[in-house]
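Notes for the one structure printed next.
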Amino acid sequence: MSQQPNSNPPQTGRYGAGFVPPKEAMEYNCADCGATNEIKSREPIRCRECGHRIMYKKRTKRMVQFEAR
0 MSQQPNSNPP
10 QTGRYGAGFV
20 PPKEAMEYNC
30 ADCGATNEIK
40 SREPIRCREC
50 GHRIMYKKRT
60 KRMVQFEAR
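Given below as structure tokens:
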């Protein structure tokens with residue numbers, strides 16, 4: 000009886016070793032014309048309005064808090 004390797008690794012917890020993040024589109028602003036673009040991973044980084052290649056990632060809406068020393 001031959002054993003075949005498991006093609007789907009087990010997922011261990013929410014952010015464990017087997018975690019695969021979903022493919023979500025991130026929003027970016029064009030540095031040239033200011034248009035908002037949604038770019039997925041593995042897509043070319045280019046503005047859909049003017050073709051400019053410098054994009055700024057939008058700031059998160061989640062609260063970011065740091066502890067001062």
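All the letters of the sequence shown, read from the start, carry residue numbers 0 to 68 under numbering that gives the first Met the number 0.
Just so you know, even glycine gets a beta-carbon here, dropped at the ideal spot from N, CA and C.
* **Bounding residues of the beta strand (DSSP E) (the contiguous stretch that carries Met25)** => Here residue 25 is taken as the residue at index 26 of the sequence shown, counted from 1. Residues 25-29.
* **Proximal residues to Cys46 (C-beta, below 8 Å), its chain only, five neighbours per side dropped** => Taking the sequence shown and counting its residues from 1, one reaches residue 46 at position 47. Counting only Cβ-Cβ distances below 8 Å, and skipping sequence neighbours, we find Cys29, Asp31, Cys32, Ala34, Asn36, Arg52, Met54.
* Asked: What does Glu37 pair with, by DSSP beta-bridge criteria?
  -> Here residue 37 corresponds to residue number 38 of the sequence shown, with the count starting at 1. Partner(s): Glu26.
* In angstroms, rounded to a whole number, what distance separates the CA positions of Glu23 and Arg61? -> Counted from its first residue, the sequence shown places residue 23 at position 24. Counted from its first residue, the sequence shown places residue 61 at position 62. Spanning the two alpha carbons is a distance of roughly 17 Å.
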